[in-house]
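Enquirer:
Residue numbers (full-length UniProt numbering): 1 to 428.
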(Lines of atoms letter the chains of each structure in order from A; the text may use other names.)
(Lines give C-alpha, C1' and ligand atoms only; values in the text may rest on other atoms or scores of the structure.)
Protein backbone atom coordinates (compact mmCIF):
# COMPACT_ATOMS: atom_id res chain seq x y z
CA UNK A 1 0.00 0.00 0.00
CA UNK A 2 1.12 3.58 -0.56
CA UNK A 3 1.83 5.27 2.73
CA UNK A 4 -0.87 7.75 3.80
CA UNK A 5 0.56 11.05 4.99
CA UNK A 6 -2.42 11.70 7.24
CA UNK A 7 -5.27 9.71 8.75
CA UNK A 8 -8.13 11.18 10.76
CA UNK A 9 -9.57 9.59 13.91
CA UNK A 10 -12.24 10.93 16.25
CA UNK A 11 -10.68 9.69 19.49
CA UNK A 12 -7.28 8.75 20.94
CA UNK A 13 -7.66 4.99 21.29
CA UNK A 14 -9.13 4.81 17.79
CA UNK A 15 -6.17 6.76 16.43
CA UNK A 16 -3.82 4.21 17.96
CA UNK A 17 -5.88 1.29 16.65
CA UNK A 18 -5.70 2.52 13.05
CA UNK A 19 -2.04 3.55 13.30
CA UNK A 20 -0.52 0.50 14.96
CA UNK A 21 -0.43 -1.67 11.82
CA UNK A 22 1.52 1.05 10.03
CA UNK A 23 3.96 1.33 12.94
CA UNK A 24 4.35 -2.46 12.93
CA UNK A 25 5.27 -2.37 9.25
CA UNK A 26 8.16 0.02 9.89
CA UNK A 27 6.37 3.31 9.18
CA UNK A 28 7.14 6.00 11.77
CA UNK A 29 3.62 6.73 13.00
CA UNK A 30 2.65 9.40 15.51
CA UNK A 31 -0.74 10.40 16.84
CA UNK A 32 -1.05 14.17 16.61
CA UNK A 33 -3.04 15.51 19.54
CA UNK A 34 -3.52 19.03 18.22
CA UNK A 35 -5.54 20.35 15.29
CA UNK A 36 -2.67 22.67 14.38
CA UNK A 37 -0.25 21.62 11.64
CA UNK A 38 2.92 21.03 13.65
CA UNK A 39 3.98 17.65 12.29
CA UNK A 40 7.66 16.77 12.56
CA UNK A 41 9.58 15.92 9.39
CA UNK A 42 10.74 12.65 10.99
CA UNK A 43 7.17 11.29 11.00
CA UNK A 44 6.10 9.20 8.02
CA UNK A 45 2.39 9.14 8.90
CA UNK A 46 0.47 11.39 11.26
CA UNK A 47 -2.82 10.17 12.68
CA UNK A 48 -4.69 13.34 13.57
CA UNK A 49 -6.85 12.87 16.65
CA UNK A 50 -9.72 15.36 16.36
CA UNK A 51 -11.17 14.38 19.78
CA UNK A 52 -14.61 15.03 18.30
CA UNK A 53 -16.58 11.87 19.10
CA UNK A 54 -18.34 13.35 22.13
CA UNK A 55 -18.90 16.86 20.75
CA UNK A 56 -22.32 17.95 19.56
CA UNK A 57 -22.70 17.49 15.82
CA UNK A 58 -22.17 21.14 14.85
CA UNK A 59 -19.00 21.45 16.95
CA UNK A 60 -17.73 18.18 15.49
CA UNK A 61 -18.34 19.48 11.98
CA UNK A 62 -16.47 22.70 12.77
CA UNK A 63 -13.55 20.75 14.26
CA UNK A 64 -13.21 18.62 11.12
CA UNK A 65 -13.42 21.63 8.83
CA UNK A 66 -10.67 23.33 10.83
CA UNK A 67 -8.39 20.29 10.56
CA UNK A 68 -9.07 19.91 6.83
CA UNK A 69 -8.19 23.58 6.32
CA UNK A 70 -5.08 23.61 8.53
CA UNK A 71 -3.61 20.51 6.87
CA UNK A 72 -4.88 21.27 3.32
CA UNK A 73 -6.08 17.68 3.25
CA UNK A 74 -8.07 17.56 0.01
CA UNK A 75 -5.25 19.26 -1.90
CA UNK A 76 -2.45 17.15 -0.43
CA UNK A 77 -4.19 13.80 -0.08
CA UNK A 78 -7.01 13.00 -2.51
CA UNK A 79 -7.75 9.69 -0.72
CA UNK A 80 -8.17 10.20 3.02
CA UNK A 81 -8.72 7.44 5.58
CA UNK A 82 -11.24 8.55 8.23
CA UNK A 83 -11.35 6.18 11.20
CA UNK A 84 -14.64 6.00 13.11
CA UNK A 85 -16.01 3.84 15.90
CA UNK A 86 -16.91 0.33 14.74
CA UNK A 87 -20.21 0.64 16.62
CA UNK A 88 -21.00 4.02 15.00
CA UNK A 89 -20.84 6.10 18.18
CA UNK A 90 -20.04 9.75 17.68
CA UNK A 91 -20.63 12.15 14.82
CA UNK A 92 -20.01 10.03 11.74
CA UNK A 93 -22.52 11.89 9.55
CA UNK A 94 -21.52 15.37 10.67
CA UNK A 95 -17.83 14.64 10.19
CA UNK A 96 -18.35 13.20 6.71
CA UNK A 97 -20.39 16.31 5.89
CA UNK A 98 -17.51 18.50 7.06
CA UNK A 99 -15.01 16.76 4.81
CA UNK A 100 -17.37 16.84 1.82
CA UNK A 101 -17.61 20.60 2.31
CA UNK A 102 -13.81 20.89 2.53
CA UNK A 103 -12.75 19.68 -0.91
CA UNK A 104 -13.73 16.00 -0.96
CA UNK A 105 -16.39 14.81 -3.39
CA UNK A 106 -17.33 11.32 -2.19
CA UNK A 107 -17.33 9.27 1.01
CA UNK A 108 -17.14 5.47 1.00
CA UNK A 109 -18.21 3.91 4.30
CA UNK A 110 -16.88 0.41 5.06
CA UNK A 111 -17.55 -0.66 8.65
CA UNK A 112 -16.12 -4.01 9.72
CA UNK A 113 -13.88 -5.17 12.55
CA UNK A 114 -13.58 -8.94 11.97
CA UNK A 115 -11.35 -9.54 14.99
CA UNK A 116 -14.10 -8.09 17.21
CA UNK A 117 -16.90 -9.79 15.22
CA UNK A 118 -18.32 -6.55 13.85
CA UNK A 119 -19.61 -6.33 10.29
CA UNK A 120 -22.05 -4.67 7.89
CA UNK A 121 -24.58 -6.97 6.19
CA UNK A 122 -27.52 -5.71 4.10
CA UNK A 123 -26.73 -2.22 5.34
CA UNK A 124 -27.03 -3.18 9.03
CA UNK A 125 -24.20 -3.13 11.56
CA UNK A 126 -23.85 -6.32 13.60
CA UNK A 127 -21.82 -7.03 16.76
CA UNK A 128 -21.39 -10.73 17.52
CA UNK A 129 -24.18 -11.38 14.99
CA UNK A 130 -26.58 -9.16 16.95
CA UNK A 131 -27.97 -5.98 15.33
CA UNK A 132 -26.18 -2.96 16.78
CA UNK A 133 -29.33 -1.36 18.24
CA UNK A 134 -29.90 -4.48 20.36
CA UNK A 135 -26.41 -4.51 21.96
CA UNK A 136 -24.96 -2.75 25.02
CA UNK A 137 -23.40 -0.15 22.71
CA UNK A 138 -26.86 1.23 21.90
CA UNK A 139 -27.17 2.47 25.49
CA UNK A 140 -23.89 4.38 25.46
CA UNK A 141 -24.54 7.37 27.75
CA UNK A 142 -22.74 9.84 25.46
CA UNK A 143 -23.64 8.47 22.01
CA UNK A 144 -26.77 6.34 22.19
CA UNK A 145 -27.62 4.36 19.05
CA UNK A 146 -31.20 4.24 17.77
CA UNK A 147 -30.80 2.22 14.58
CA UNK A 148 -28.72 -0.67 13.27
CA UNK A 149 -28.89 0.70 9.71
CA UNK A 150 -25.74 2.69 9.06
CA UNK A 151 -27.34 4.89 6.41
CA UNK A 152 -30.02 5.96 8.89
CA UNK A 153 -27.40 6.87 11.49
CA UNK A 154 -25.56 8.97 8.92
CA UNK A 155 -28.75 10.60 7.60
CA UNK A 156 -29.72 11.65 11.12
CA UNK A 157 -26.70 13.99 11.03
CA UNK A 158 -26.47 15.15 7.42
CA UNK A 159 -28.65 15.77 4.38
CA UNK A 160 -26.00 14.45 1.97
CA UNK A 161 -27.32 11.93 -0.54
CA UNK A 162 -26.58 8.51 0.96
CA UNK A 163 -26.93 5.12 -0.75
CA UNK A 164 -26.23 1.50 0.16
CA UNK A 165 -23.92 -0.84 -1.78
CA UNK A 166 -25.14 -4.24 -0.62
CA UNK A 167 -23.37 -7.60 -0.79
CA UNK A 168 -25.53 -9.02 -3.57
CA UNK A 169 -24.48 -6.05 -5.72
CA UNK A 170 -20.77 -6.29 -4.97
CA UNK A 171 -18.40 -7.64 -7.60
CA UNK A 172 -14.72 -6.95 -6.92
CA UNK A 173 -14.02 -6.42 -10.61
CA UNK A 174 -16.74 -3.78 -10.86
CA UNK A 175 -16.36 -1.91 -7.58
CA UNK A 176 -14.62 1.10 -9.08
CA UNK A 177 -17.23 1.32 -11.83
CA UNK A 178 -19.99 1.06 -9.24
CA UNK A 179 -18.49 3.90 -7.20
CA UNK A 180 -18.16 6.01 -10.34
CA UNK A 181 -21.79 5.31 -11.23
CA UNK A 182 -23.05 6.24 -7.76
CA UNK A 183 -21.09 9.50 -7.88
CA UNK A 184 -22.17 10.38 -11.41
CA UNK A 185 -25.84 9.88 -10.46
CA UNK A 186 -25.62 12.26 -7.51
CA UNK A 187 -24.65 10.09 -4.54
CA UNK A 188 -22.26 11.61 -2.02
CA UNK A 189 -22.02 8.86 0.64
CA UNK A 190 -21.87 5.13 -0.16
CA UNK A 191 -22.42 2.63 2.67
CA UNK A 192 -20.88 -0.71 1.73
CA UNK A 193 -21.56 -4.20 3.03
CA UNK A 194 -18.28 -5.28 4.63
CA UNK A 195 -17.52 -8.43 6.62
CA UNK A 196 -13.88 -9.51 6.23
CA UNK A 197 -10.39 -8.06 5.96
CA UNK A 198 -10.49 -8.96 2.28
CA UNK A 199 -13.69 -6.93 1.87
CA UNK A 200 -11.97 -3.94 3.49
CA UNK A 201 -8.92 -4.39 1.28
CA UNK A 202 -10.90 -4.71 -1.96
CA UNK A 203 -13.09 -1.70 -1.24
CA UNK A 204 -10.07 0.41 -0.34
CA UNK A 205 -8.22 -0.68 -3.48
CA UNK A 206 -11.24 0.34 -5.57
CA UNK A 207 -11.21 3.73 -3.83
CA UNK A 208 -7.54 4.25 -4.73
CA UNK A 209 -8.49 4.06 -8.42
CA UNK A 210 -11.05 6.86 -8.32
CA UNK A 211 -10.22 10.17 -9.96
CA UNK A 212 -12.15 12.27 -7.46
CA UNK A 213 -11.12 13.33 -3.92
CA UNK A 214 -12.53 10.59 -1.69
CA UNK A 215 -12.88 9.92 2.03
CA UNK A 216 -12.68 6.25 3.05
CA UNK A 217 -14.63 5.97 6.31
CA UNK A 218 -13.76 2.81 8.19
CA UNK A 219 -12.51 1.08 11.34
CA UNK A 220 -9.04 0.56 12.76
CA UNK A 221 -8.79 -2.80 11.04
CA UNK A 222 -8.42 -1.32 7.56
CA UNK A 223 -4.70 -0.78 8.01
CA UNK A 224 -4.30 -4.33 9.33
CA UNK A 225 -5.98 -5.54 6.14
CA UNK A 226 -3.77 -3.56 3.77
CA UNK A 227 -0.39 -3.89 5.49
CA UNK A 228 1.56 -7.12 5.03
CA UNK A 229 1.82 -8.32 8.61
CA UNK A 230 4.63 -10.78 7.78
CA UNK A 231 7.00 -7.84 7.59
CA UNK A 232 6.27 -6.43 11.03
CA UNK A 233 8.81 -4.19 12.67
CA UNK A 234 7.42 -3.62 16.17
CA UNK A 235 9.91 -1.78 18.32
CA UNK A 236 10.85 -3.93 21.32
CA UNK A 237 8.86 -3.34 24.49
CA UNK A 238 11.44 -2.61 27.15
CA UNK A 239 10.79 -4.87 30.11
CA UNK A 240 10.29 -3.32 33.52
CA UNK A 241 10.07 -4.57 37.08
CA UNK A 242 8.05 -1.52 38.10
CA UNK A 243 4.27 -1.80 38.68
CA UNK A 244 1.59 -0.82 36.19
CA UNK A 245 -1.03 1.88 36.67
CA UNK A 246 -4.34 1.26 34.84
CA UNK A 247 -6.87 4.08 34.55
CA UNK A 248 -10.22 2.66 33.44
CA UNK A 249 -12.88 5.07 32.19
CA UNK A 250 -14.85 2.71 29.97
CA UNK A 251 -18.20 1.27 31.07
CA UNK A 252 -18.16 -1.63 28.59
CA UNK A 253 -18.90 -5.05 30.04
CA UNK A 254 -15.71 -6.48 28.52
CA UNK A 255 -13.53 -3.80 30.12
CA UNK A 256 -15.10 -4.39 33.52
CA UNK A 257 -14.53 -8.12 33.12
CA UNK A 258 -10.88 -7.47 32.23
CA UNK A 259 -10.27 -5.24 35.23
CA UNK A 260 -12.07 -7.62 37.56
CA UNK A 261 -9.87 -10.48 36.32
CA UNK A 262 -6.84 -8.58 37.61
CA UNK A 263 -8.46 -8.26 41.01
CA UNK A 264 -9.75 -11.83 41.22
CA UNK A 265 -6.37 -13.27 40.20
CA UNK A 266 -4.58 -10.94 42.65
CA UNK A 267 -2.57 -9.42 39.82
CA UNK A 268 -3.49 -5.87 40.82
CA UNK A 269 -5.09 -3.88 43.60
CA UNK A 270 -8.14 -1.82 42.75
CA UNK A 271 -9.42 1.63 43.69
CA UNK A 272 -13.09 2.02 42.82
CA UNK A 273 -14.12 5.63 42.54
CA UNK A 274 -17.52 6.70 43.87
CA UNK A 275 -19.41 8.92 41.43
CA UNK A 276 -21.22 10.74 44.24
CA UNK A 277 -17.85 11.83 45.64
CA UNK A 278 -16.60 12.91 42.20
CA UNK A 279 -19.75 15.01 41.77
CA UNK A 280 -19.71 16.55 45.25
CA UNK A 281 -18.49 20.03 46.17
CA UNK A 282 -15.48 18.34 47.80
CA UNK A 283 -14.44 16.42 44.68
CA UNK A 284 -10.98 18.03 44.74
CA UNK A 285 -10.25 16.69 48.20
CA UNK A 286 -11.60 13.29 47.18
CA UNK A 287 -9.30 13.17 44.13
CA UNK A 288 -6.32 14.14 46.28
CA UNK A 289 -7.12 11.30 48.71
CA UNK A 290 -7.47 8.69 45.96
CA UNK A 291 -4.28 9.95 44.34
CA UNK A 292 -2.36 9.50 47.59
CA UNK A 293 -3.80 5.99 47.93
CA UNK A 294 -2.72 5.00 44.40
CA UNK A 295 0.75 6.51 44.85
CA UNK A 296 1.24 4.54 48.06
CA UNK A 297 0.23 1.27 46.38
CA UNK A 298 2.52 1.87 43.40
CA UNK A 299 5.48 2.77 45.59
CA UNK A 300 4.94 -0.48 47.49
CA UNK A 301 5.32 -2.35 44.20
CA UNK A 302 1.65 -3.24 43.58
CA UNK A 303 -0.02 -2.95 40.21
CA UNK A 304 -2.91 -0.51 40.66
CA UNK A 305 -6.24 -0.28 38.82
CA UNK A 306 -8.34 2.85 39.20
CA UNK A 307 -11.82 2.57 37.70
CA UNK A 308 -14.79 4.88 37.55
CA UNK A 309 -17.30 2.05 37.27
CA UNK A 310 -17.39 -1.51 38.61
CA UNK A 311 -20.97 -2.35 37.66
CA UNK A 312 -22.06 -2.38 33.98
CA UNK A 313 -25.64 -1.69 35.05
CA UNK A 314 -24.57 1.78 36.18
CA UNK A 315 -24.91 3.04 32.59
CA UNK A 316 -28.69 2.71 32.94
CA UNK A 317 -28.70 4.86 36.08
CA UNK A 318 -26.67 7.78 34.73
CA UNK A 319 -29.68 9.77 33.54
CA UNK A 320 -31.20 9.83 37.02
CA UNK A 321 -27.83 10.53 38.63
CA UNK A 322 -27.20 13.43 36.27
CA UNK A 323 -30.65 14.87 37.00
CA UNK A 324 -29.95 14.60 40.72
CA UNK A 325 -26.94 16.90 40.30
CA UNK A 326 -28.59 19.24 37.78
CA UNK A 327 -26.48 17.98 34.88
CA UNK A 328 -27.08 16.43 31.49
CA UNK A 329 -25.65 12.97 30.89
CA UNK A 330 -22.99 14.50 28.67
CA UNK A 331 -22.00 17.02 31.34
CA UNK A 332 -21.77 14.23 33.88
CA UNK A 333 -19.56 12.16 31.55
CA UNK A 334 -17.33 15.16 30.86
CA UNK A 335 -16.93 15.90 34.56
CA UNK A 336 -15.95 12.30 35.34
CA UNK A 337 -13.52 12.31 32.41
CA UNK A 338 -11.78 15.44 33.68
CA UNK A 339 -11.64 14.01 37.20
CA UNK A 340 -9.91 10.88 35.89
CA UNK A 341 -7.48 12.98 33.88
CA UNK A 342 -6.62 15.09 36.93
CA UNK A 343 -6.24 11.98 39.07
CA UNK A 344 -3.91 10.38 36.52
CA UNK A 345 -1.86 13.56 36.32
CA UNK A 346 -1.43 13.73 40.09
CA UNK A 347 -0.40 10.09 40.30
CA UNK A 348 2.16 10.06 37.48
CA UNK A 349 3.61 13.43 38.45
CA UNK A 350 4.38 12.14 41.95
CA UNK A 351 5.18 8.51 41.17
CA UNK A 352 6.51 8.35 37.61
CA UNK A 353 9.83 6.94 38.83
CA UNK A 354 7.93 4.03 40.38
CA UNK A 355 5.70 3.23 37.37
CA UNK A 356 6.62 0.70 34.68
CA UNK A 357 3.69 1.33 32.37
CA UNK A 358 0.39 3.18 32.06
CA UNK A 359 -2.83 1.65 30.71
CA UNK A 360 -5.50 4.11 29.55
CA UNK A 361 -8.87 2.60 28.70
CA UNK A 362 -11.57 4.74 27.12
CA UNK A 363 -10.67 7.11 24.29
CA UNK A 364 -12.08 10.22 25.94
CA UNK A 365 -10.20 9.55 29.17
CA UNK A 366 -6.98 8.85 27.27
CA UNK A 367 -7.24 12.12 25.36
CA UNK A 368 -8.14 14.17 28.43
CA UNK A 369 -5.17 12.64 30.25
CA UNK A 370 -2.82 13.46 27.38
CA UNK A 371 -4.02 17.06 27.40
CA UNK A 372 -3.62 17.32 31.18
CA UNK A 373 -0.03 16.08 30.79
CA UNK A 374 0.57 18.70 28.06
CA UNK A 375 1.40 15.96 25.56
CA UNK A 376 1.14 16.97 21.89
CA UNK A 377 2.12 13.66 20.28
CA UNK A 378 2.10 9.93 20.91
CA UNK A 379 4.53 7.71 19.03
CA UNK A 380 2.96 4.33 18.27
CA UNK A 381 5.52 1.54 18.63
CA UNK A 382 3.65 -1.74 18.56
CA UNK A 383 0.81 -3.88 19.83
CA UNK A 384 0.46 -6.40 22.68
CA UNK A 385 -2.28 -8.82 23.70
CA UNK A 386 -3.61 -8.72 20.15
CA UNK A 387 -5.57 -5.47 20.51
CA UNK A 388 -3.65 -3.05 22.76
CA UNK A 389 -1.40 -0.52 20.99
CA UNK A 390 1.53 0.78 22.99
CA UNK A 391 3.85 3.67 22.52
CA UNK A 392 5.45 6.76 24.02
CA UNK A 393 3.35 9.66 25.22
CA UNK A 394 5.58 12.68 24.79
CA UNK A 395 5.21 14.23 28.23
CA UNK A 396 7.54 15.20 31.06
CA UNK A 397 6.03 12.62 33.42
CA UNK A 398 5.61 9.58 31.14
CA UNK A 399 9.04 8.03 30.49
CA UNK A 400 7.37 4.59 30.54
CA UNK A 401 5.27 2.94 27.79
CA UNK A 402 1.62 3.93 27.58
CA UNK A 403 -0.94 1.33 26.47
CA UNK A 404 -4.37 2.29 25.14
CA UNK A 405 -7.41 0.07 24.74
CA UNK A 406 -10.83 0.74 23.25
CA UNK A 407 -13.59 -0.35 25.60
CA UNK A 408 -15.17 -3.40 23.96
CA UNK A 409 -12.06 -5.09 22.59
CA UNK A 410 -10.10 -8.10 23.86
CA UNK A 411 -10.93 -11.03 26.11
CA UNK A 412 -11.05 -11.31 29.92
CA UNK A 413 -7.27 -11.74 30.18
CA UNK A 414 -6.27 -8.76 28.03
CA UNK A 415 -5.05 -6.47 30.84
CA UNK A 416 -3.30 -9.40 32.45
CA UNK A 417 -1.50 -10.14 29.18
CA UNK A 418 -0.34 -6.51 28.95
CA UNK A 419 1.14 -6.62 32.45
CA UNK A 420 2.73 -10.02 31.90
CA UNK A 421 4.29 -8.83 28.64
CA UNK A 422 5.80 -5.79 30.37
CA UNK A 423 7.10 -7.82 33.32
CA UNK A 424 8.15 -10.88 31.31
CA UNK A 425 11.51 -12.29 32.38
CA UNK A 426 11.83 -9.53 34.95
CA UNK A 427 9.13 -10.05 37.52
CA UNK A 428 7.81 -13.34 38.79
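Yeah, the Cβ is synthetic: ideal placement off N, Cα and C, and Gly gets one too.
Please read all numbers here as calculations on a predicted model, not as lab measurements.
Just list the alpha helix (DSSP H) runs in the region 211 to 256, keeping only unbroken ones of 4 residues or longer that don't cross its boundaries, in chain order.
Expert: With a minimum length of 4 residues, the continuous alpha helix (DSSP H) runs that stay inside the region 211 to 256 are 221 to 226.
Enquirer: Work out the CA separation of residue 300 and residue 116 for me, nearest whole Å.
Expert: The count along the chain shown starts at 1 and reaches residue 116 at position 116. The count along the chain shown starts at 1 and reaches residue 300 at position 300. Using only the alpha carbons, I get a separation of about 37 Å.
Enquirer: Going straight from the alpha carbon of residue 248 to that of residue 185, what length do you get?
Expert: Here residue 248 refers to the residue found at position 248 when the chain shown is read from its first residue. Here residue 185 refers to the residue found at position 185 when the chain shown is read from its first residue. Cα-Cα distance, rounded: 47 Å.
Enquirer: Please list the terminal residues of the continuous alpha helix (DSSP H) segment that includes residue 369.
Expert: Stepping through the chain shown from its first residue, residue 369 is reached at position 369. Per DSSP, the unbroken alpha helix (DSSP H) holding residue 369 starts and ends at 363 to 372.
Enquirer: For residue 364, count neighbouring C-beta atoms within 10 Å of its own C-beta (all shown protein chains included) and say buried if the count is 16 or more, exposed if not.
Expert: Along the chain shown, one-based indexing puts residue 364 at 364. Label assigned to residue 364: buried.
Enquirer: Distance check for residue 251 and residue 131, CA to CA, integer angstroms please.
Expert: Along the chain shown, one-based indexing puts residue 131 at 131. Along the chain shown, one-based indexing puts residue 251 at 251. In a straight line, the C-alpha of residue 131 is about 20 Å away from that of residue 251.
Enquirer: Round the Cβ separation of residue 5 and residue 75 to the nearest angstrom and send it over; I've been treating them as touching at under 8 Å.
Expert: On the chain shown, position 5 is the one that residue 5 refers to. On the chain shown, position 75 is the one that residue 75 refers to. About 12 Å separates the two Cβ atoms, so there is no contact after all.
Enquirer: Helix or strand or just coil, what does DSSP make of residue 93?
Expert: To locate residue 93, count along the chain shown from 1; it is residue 93. Helix, per DSSP.
Enquirer: Excluding the five sequence neighbours on either side, which residues of its own chain have a C-beta within less than 7 Å of the C-beta of residue 267, listed in chain order?
Expert: On the chain shown, position 267 is the one that residue 267 refers to. 303, 416 and 419, listed in sequence order.
Enquirer: Please specify which runs of the beta strand (DSSP E), each continuous and at least 3 residues long, are wholly inside the region 32 to 116, giving them in chain order.
Expert: 45 to 49, 79 to 83 and 106 to 110
Enquirer: Let me know the secondary structure DSSP gives residue 399 once reduced to three states.
Expert: For the purposes of this step, residue 399 is taken as the residue at position 399 of the chain shown. Coil.
Enquirer: Which residue wins for smallest C-alpha separation from residue 390, given the options 403, 397, 396 and 398?
Expert: As a position in the chain shown, residue 390 is number 390, starting the count at 1. Nearest of 403, 397, 396 and 398 to residue 390, Cα basis: 403.
Enquirer: Going straight from the alpha carbon of residue 244 to that of residue 348, what length do you get?
Expert: Locating residue 244 in the chain shown gives position 244, where the first residue counts as 1. Locating residue 348 in the chain shown gives position 348, where the first residue counts as 1. Between residue 244 and residue 348, the C-alpha separation is close to 11 Å.
Enquirer: Can you give the beta carbon distance from residue 106 to residue 214, rounded, assuming they're within the 8 Å contact cut?
Expert: Within the chain shown, numbered from 1, the residue matching residue 106 stands at position 106. Within the chain shown, numbered from 1, the residue matching residue 214 stands at position 214. Between the beta-carbon of residue 106 and that of residue 214 there is about 5 Å, and that keeps the pair under the 8 Å contact cut.
Enquirer: From this set, 225, 238 and 397, which residue's C-alpha is nearest residue 424's C-alpha?
Expert: To locate residue 424, count along the chain shown from 1; it is residue 424. Of the listed residues, the one whose Cα sits closest to residue 424 is 238.
Enquirer: Hey, how far is the Cα of residue 163 from the Cα of residue 315?
Expert: For the purposes of this step, residue 163 is taken as residue 163 along the chain shown, with counting starting at 1. For the purposes of this step, residue 315 is taken as residue 315 along the chain shown, with counting starting at 1. C-alpha separation (whole angstroms): 33 Å.
Enquirer: Compute the Euclidean distance between the alpha carbons of residue 118 and residue 135, then round it to the nearest angstrom.
Expert: The count along the chain shown starts at 1 and reaches residue 118 at position 118. The count along the chain shown starts at 1 and reaches residue 135 at position 135. Taking the straight line joining both Cα atoms gives about 12 Å.
Enquirer: Within this structure, are the beta carbons of residue 341 and residue 366 separated by less than 7 Å?
Expert: Translated into the one-based positions of the chain shown, residue 341 becomes position 341. Translated into the one-based positions of the chain shown, residue 366 becomes position 366. Contact: no.
Enquirer: For the alpha helix (DSSP H) that residue 269 lies in, which residues bound it at each end?
Expert: Along the chain shown, one-based indexing puts residue 269 at 269. Premise fails: residue 269 lies in the beta strand (DSSP E), 269 to 272, not in any alpha helix (DSSP H).
Enquirer: How do the region 19 to 36 and the region 45 to 65 stand: do at least 3 beta-carbon pairs fall below 8 Å, yes or no?
Expert: yes
Enquirer: With contact counted as at least three CB pairs below 8 Å, one residue from each stretch, are the region 140 to 157 and the region 86 to 98 in contact?
Expert: yes
Enquirer: To which residues of the same chain is residue 270 closer than 6 Å at the C-beta, ignoring the five residues directly before and after it?
Expert: Within the chain shown, the letter at position 270 stands for residue 270. Closer than 6 Å at Cβ, skipping near neighbours: 263 and 305.
Enquirer: Between the region 271 to 283 and the region 317 to 336, do at least 3 Cβ pairs fall closer than 8 Å?
Expert: yes
Enquirer: In three-state terms, what does DSSP make of residue 157?
Expert: To locate residue 157, count along the chain shown from 1; it is residue 157. If DSSP states are grouped into helix, strand and coil, residue 157 belongs with coil.
Enquirer: Can you tell me the Cα-Cα spacing of residue 64 and residue 94, whole angstroms?
Expert: Taking the first residue of the chain shown as position 1, residue 64 is located at position 64. Taking the first residue of the chain shown as position 1, residue 94 is located at position 94. So the alpha carbons of these two residues sit roughly 9 Å apart.
Enquirer: Using a Cβ-Cβ cut-off of 8 Å (strictly less than) and excluding sequence neighbours within five positions of residue 290, which residues of its own chain qualify?
Expert: Your numbering for residue 290 matches position 290 in the chain shown. 271, 273, 306 and 343.
Enquirer: On a Cα-Cα basis, can you pick out the residue from 208, 155, 193 and 195 that is closest to residue 177?
Expert: Residue mapping note: residue 177 aligns to position 177 of the chain shown, counting from 1. Here the closest residue by C-alpha is 208.
Enquirer: Am I right that residue 191 and residue 123 are in contact with their C-beta atoms under 8 Å? What's the rounded C-beta distance?
Expert: As a first step, residue 191 is located in the chain shown; it is residue number 191 there, counting from the start. As a first step, residue 123 is located in the chain shown; it is residue number 123 there, counting from the start. Contact flag correct, Cβ pair sits at about 6 Å.
Enquirer: Is the separation between the beta-carbon of residue 336 and that of residue 308 shorter than 7 Å?
Expert: Stepping through the chain shown from its first residue, residue 336 is reached at position 336. Stepping through the chain shown from its first residue, residue 308 is reached at position 308. Taking 7 Å as the Cβ cut-off, residue 336 and residue 308 qualify as a contacting pair.
Enquirer: Would you tell me roughly how many angstroms separate the C-alpha atoms of residue 294 and residue 325, rounded to the nearest one?
Expert: Counting from 1 along the chain shown, the entry for residue 294 is found at position 294. Counting from 1 along the chain shown, the entry for residue 325 is found at position 325. Roughly 27 Å between the two C-alpha positions.
Enquirer: Determine, using beta carbons only, whether residue 189 and residue 92 come nearer to each other than 7 Å.
Expert: Within the chain shown, the letter at position 189 stands for residue 189. Within the chain shown, the letter at position 92 stands for residue 92. In this structure, residue 92 does not lie closer than 7 Å to residue 189 by Cβ.
Enquirer: What is the DSSP secondary structure of residue 149, counted as helix, strand or coil?
Expert: Residue 149 sits at position 149 when you count from the first residue of the chain shown. The answer is strand: DSSP assigns residue 149 an E or B state.
Enquirer: Just reading off the beta strand (DSSP E) that residue 165 is part of, what are its end residues?
Expert: Translated into positions along the chain shown, residue 165 becomes position 165. 162 to 165 is the span of the beta strand (DSSP E), which, as asked, contains residue 165.
Enquirer: So for residue 325, helix, strand or coil by DSSP?
Expert: Translated into positions along the chain shown, residue 325 becomes position 325. It is coil, neither helix nor strand.
Enquirer: Just to confirm, are residue 61 and residue 98 a CB contact at a threshold of 7 Å?
Expert: Walking along the chain shown from the start, residue 61 turns up at place 61. Walking along the chain shown from the start, residue 98 turns up at place 98. It is a contact, given that the beta carbons lie within the stated cut-off.
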